[in-house]
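In the working numbering, the protein residues as written are 0 to 240.
Positions of the beta carbon are idealized from the N, C-alpha and C atoms, including for glycine.
As the structure is a prediction and not an experimental result, all values here were calculated from the model.
Okay, here's the thing in structure tokens:
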């Protein structure tokens with residue numbers, strides 16, 4: 000029977016894991032060759048994981064940042080097969096490991112109670128989204144009924160002013176907001192506390208701006224979910240005329 004191993008990875012970041020295959024009877028490492036591994040990305044499709052045998056005889060699994068970015072968020076089944084030497088000279092192609100790879104989004108931010116300072120960075124003229132998760136003392140995700148986020152530049156001028164919507168508004172609604180620094184929203188998010196969206200039509204200036212995000216929970220208490228800096232990077236290109 001293959002070893003059941005659970006892994007995690009973050010979309011957009013490179014991922015590497017090692018598997019040491021041992022005999023269940025002797026607990027000694029067995030000789031392996033020609034490994035292959037696949038992760039199920041849907042009910043009908045699988046993605047191949049890069050595999051190799053290290054000089055130490057261990058299977059190395061790897062995906063680069065572009066490959067992990069293509070994976071859907073969630074728990075994905077995977078399996079690893081290899082030629083395994085049994086006895087003196089018998090080789091059998093068999094499964095050696097299986098389990099799930101839990102894929103999380105790099106955009107999912109879970110502030111810690113004692114460390115809510117963070118930097119949010121994105122490029123000018125892009126639609127930007129982040130998911131925030133707030134948990135109580137028992138680890139349950141908190142739901143909120145109101146929120147607001149404001150960012151100010153070094154002169155104290157408000158350059159970003161996002162408001163709460165009970166449901167995600169349409170893009171047309173967002174684009175029509177005035178002034179332009181309000182173009183975006185805070186709204187509920189399934190499995191999290193809220194989603195933040197800044198529209199590509201928001202006129203927030205390039206640079207580093209201090210921000211804080213306040214939320215109102217289901218019993219009416221306000222708290223600061225996150226604070227820090229929003230860094231807007233200049234885009235090289237400009238929209239075509």
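Alpha carbons only, please: which of the options is nearest the one belonging to residue i?
i	options	result
residue 206	176, 165, 158	158
residue 103	214, 203, 191	191
residue 165	144, 220, 211	144
residue 20	42, 56, 49, 12	56
residue 211	201, 177, 200, 162	162
residue 7	130, 75, 171	75
residue 153	209, 126, 36, 187	209
residue 11	178, 66, 146	66
So if DSSP puts residue i in a beta bridge, which residue, or which two residues, is it bridged to?
i	result
residue 54	Note: residue 54 sits in no beta bridge, so no partner.
residue 94	80
residue 73	102
residue 7	101
residue 47	37
residue 209	151, 228
residue 139	For residue 139, which the question treats as bridged, DSSP gives no partner whatsoever.
residue 191	BP columns for residue 191 are empty, so no partner.
residue 60	16, 50
residue 87	Answer is none; residue 87 lacks a bridge partner.
Please report how far the alpha carbon of residue i lies from the alpha carbon of residue j, in whole angstroms.
i	j	result
residue 71	residue 96	21 Å
residue 33	residue 87	18 Å
residue 44	residue 23	32 Å
residue 150	residue 5	40 Å
residue 39	residue 224	35 Å
residue 174	residue 16	44 Å
residue 204	residue 226	19 Å
residue 141	residue 185	15 Å
residue 222	residue 148	12 Å
residue 89	residue 28	16 Å
residue 229	residue 122	11 Å
residue 25	residue 9	36 Å
residue 80	residue 68	24 Å
residue 59	residue 1	16 Å
Under three-state DSSP, which class holds residue i?
i	result
residue 180	helix
residue 224	strand
residue 40	coil
residue 174	helix
residue 65	helix
residue 23	coil
residue 124	coil
residue 167	coil
residue 236	coil
residue 161	strand
residue 214	strand
residue 203	coil
residue 32	strand
residue 156	coil
residue 185	strand
residue 2	strand
Under the assumption that residue i contacts residue j (Cβ atoms under 8 Å), give the Cβ distance between them as a whole number of angstroms.
i	j	result
residue 238	residue 128	Not a contact, Cβ separation roughly 20 Å.
residue 31	residue 82	6 Å
residue 182	residue 198	4 Å
Are any of the Cβ atoms in chain B nearer than 8 Å to that of residue i?
i	result
residue 17	No chain B is part of this structure, which consists of one protein chain only.
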